[in-house]
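Reviewing the structure listed below.
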Amino acid sequence: MDIASLLDQYGLLFVAFGCMIEGDAVAVSAGVLAHQGVLPYTATIVAAGLGGWTSDMGLFTVARSSRHHPRTRRVLDGPRATEFAAKYLKRPVALAVAFRFVPGTRTLAPVALGAGSRIAFPIYAAITFVTCQLWALIAVTLGKDISLFLGKLRAEMPVWLQILFAAGLALFVVTWSMRRIVRRVRRARTARR
1 MDIASLLDQY GLLFVAFGCM IEGDAVAVSA GVLAHQGVLP YTATIVAAGL GGWTSDMGLF
61 TVARSSRHHP RTRRVLDGPR ATEFAAKYLK RPVALAVAFR FVPGTRTLAP VALGAGSRIA
121 FPIYAAITFV TCQLWALIAV TLGKDISLFL GKLRAEMPVW LQILFAAGLA LFVVTWSMRR
181 IVRRVRRART ARR
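Going by full-length UniProt numbering, the final residue of the sequence shown carries number 193, and the count climbs one at a time with no gaps.
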């Protein structure tokens with residue numbers, strides 16, 4: 001079997017599983033594939049939303065059932081989690097609505113809500129189902145629009161300009177990556193002193 005037939009056969013399952021594990025990158029990539037006709041657009045949105053919702057519900061359920069476990073306590077008693085809980089657990093419904101759209105909170109928020117709030121399971125499930133579907137709609141549509149834009153741009157751009165653009169983008173990515181690596185090394189050296 002080739003990749004195209006695997007995508008045809010398991011594409012939406014891969015989208016759901018990928019959104020369960022990773023999130024934004026998979027949903028946006030699925031939007032690109034939907035624009036290219038590899039995946040059906042509406043079903044891709046539903047699959048991405050269900051994948052994200054499954055992840056949120058799994059984390060919430062595990063945290064709720066093991067809130068007194070030493071590992072859960074260790075995670076929730078850390079400095080970032082303590083600060084997060086102090087700020088946001090006062091309004092658990094608002095947090096349940098918003099966390100899917102805030103990068104960096106997709107793992108911590110369901111755990112904090114499950115272990116540290118009194119939000120009822122059915123309320124959390126309903127809220128996160130709706131927000132995950134809205135998130136999927138936005139992410140998949142963004143991927144579709146990016147694909148459409150790049151397709152039009154490529155069709156109208158001369159070949160030499162495409163090469164120049166690709167080289168500039170590659171240079172930017174390499175420079176950005178190297179700066180991040182250098183910063184990490186400097187921080188590590190400073191921390192050892």
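Using N, Cα and C, we set each Cβ at its ideal position, and we do this for glycine too.
For residue i, collect the residues of the same chain with a Cβ closer than 6 angstroms to its Cβ; drop the 5 residues on either side in sequence, then sort them by chain order.
i	result
residue 111	59 and 63
residue 20	51, 54 and 55
residue 49	132, 133 and 136
residue 144	31, 34 and 35
residue 85	112 and 116
residue 26	18 and 19
Which residue marks the beginning of the alpha helix (DSSP H) containing residue i, and which one marks its end?
i	result
residue 180	159-192
residue 122	121-156
residue 90	Here residue 90 belongs to no alpha helix (DSSP H), and DSSP marks it neither H nor E.
residue 71	70-76
Determine the DSSP secondary structure at residue i, reduced to helix, strand or coil.
i	result
residue 56	helix
residue 24	helix
residue 104	coil
residue 39	coil
residue 64	helix
residue 80	helix
residue 29	helix
Cutting at 7 angstroms between CB atoms, please list the residues of its own chain near residue i, excluding the five before and the five after it.
i	result
residue 73	none
residue 117	89 and 92
residue 162	154
residue 82	none
residue 108	81 and 84
In chain order, what residues of the same chain lie with their CB nearer than 8 angstroms to the CB of residue i, ignoring the 5 residues before and after it?
i	result
residue 17	51
residue 165	157
Which whole-angstrom value describes the C-beta separation of residue i and residue j, a residue pair presumed to lie in contact below a C-beta threshold of 8 angstroms?
i	j	result
residue 23	residue 106	6 angstroms
residue 12	residue 42	11 angstroms between Cβ atoms; not a contact.
residue 114	residue 61	7 angstroms
residue 96	residue 124	6 angstroms
task = Would you check if the stretch 151-168 and the stretch 128-141 touch, i.e. whether three or more CB-CB distances between them fall below 8 angstroms?
result = Contact fails: fewer than three Cβ-Cβ distances are below 8 angstroms.
message = Is it the case that the stretch 121-138 contacts the stretch 47-55, given that we only count it when at least three CB pairs across the two stretches are under 8 angstroms?
response = Judged by Cβ distances under 8 angstroms, the stretch 47-55 makes contact with the stretch 121-138, as three or more pairs qualify.
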